[in-house]
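Residue numbers (the numbering used here), protein chains in the order written: chain A, 17 to 130; chain B, 17 to 130.
All C-beta atoms in this analysis are idealised placements derived from N, C-alpha and C, irrespective of residue type, glycine included.
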DNA sequence: CTAATATGCAATTACTAAGTTGCGTATTAG
DNA sequence: CTAATACGCAACTTAGTAATTGCATATTAG
């Protein structure tokens, strides 16, 4: 049986980048707002935040670099919208890891019940 | 209809910490090895790595702090094993975000098809 | 046109993280 | 016992990140 090992792939660094982008509370909040479907401008996303517009902008760029959000210019404001694809990517990875773990437990159980 | 919004919870920072722990290629490799079910010592985990034992140790501590691995001393070596619980936690979160997004698309579709 | 709004760019500061090196200690093999 | 193995601790370097501030530019409202 061929094991699909979760360490495979040249996109390990890509996966790590996505996780890293999600590894910040501010950016998690931004994702939470944007996954509601509506695009927001930077100013709107900064409203009610304790940090400056520039800080929010930088976080948005981090999310954009890994593809979690897309941006488009609309007049004087730049709108950001959520993009789910990278999230599906890491979800598959997490499922793979869980599967590995479950298989390991099954083998252990089978061995002990021999 | 009550929306379960993914920004809720005082454990946003905990979630962010788990994502951050996974946001490093070296640590992803460690998780990949350990999710196979077998515990490994630090030396074994360092074998075939381009970084030093101390660097690996630090990464293991990061993983341990968010609960992704557990460690126990066995004689002169310290064994690390995978723990899946934090991973389930973030998987649920990702599912929630995806669900929000899908709901948003559905509402948009319904609106357009009016 | 003019003021207010929304943003971009650049420099700077403070902090954190990755990784190394050196050294000391505990444990086991022979 | 002695040497090799496996760690832990601490100091240090380097590089990256979060966040701020100041200023310049584009766009829209009145």
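May I have the straight-line CA-CA distance separating residue i from residue j, to the nearest angstrom?
i, j, result
"residue 35 of chain A", "residue 73 of chain A", "19 Å"
"residue 116 of chain B", "residue 84 of chain A", "15 Å"
"residue 125 of chain A", "residue 69 of chain A", "54 Å"
"residue 100 of chain B", "residue 59 of chain A", "39 Å"
"residue 128 of chain A", "residue 109 of chain A", "29 Å"
"residue 93 of chain B", "residue 82 of chain B", "22 Å"
For a test of the three-state rule: what should DSSP assign to residue i, helix, strand or coil?
i, result
"residue 129 of chain A", "coil"
"residue 86 of chain A", "strand"
"residue 29 of chain A", "helix"
"residue 75 of chain A", "helix"
"residue 23 of chain B", "coil"
"residue 100 of chain A", "coil"
Do you know whose CA, among the options, lies nearest residue i's CA?
i, options, result
"residue 23 of chain A", "B:49, B:87, B:39", "B:49"
"residue 77 of chain A", "A:92, A:97, A:63, A:91", "A:97"
"residue 112 of chain A", "B:51, B:79, B:57, B:95", "B:51"
"residue 30 of chain B", "B:79, B:89, B:94, B:91", "B:79"
"residue 67 of chain A", "A:118, A:129, A:46", "A:46"
"residue 75 of chain A", "A:42, A:120, A:119, A:106", "A:42"
"residue 102 of chain A", "A:90, A:91, A:94, A:86", "A:86"
"residue 28 of chain B", "A:27, A:28, A:44", "A:44"
"residue 57 of chain B", "B:90, B:107, B:118, B:21", "B:90"
"residue 62 of chain A", "A:88, A:95, A:121, A:123", "A:95"
"residue 37 of chain B", "B:106, B:21, B:54, B:119", "B:106"
With DSSP as the reference, please indicate the residues paired to residue i in a beta bridge.
i, result
"residue 94 of chain B", "B:89"
Handout entry: Continuous alpha helix (DSSP H) assignments of at least 4 residues falling wholly in the stretch 40 to 68 of chain A
Key = 41 to 50, 58 to 62
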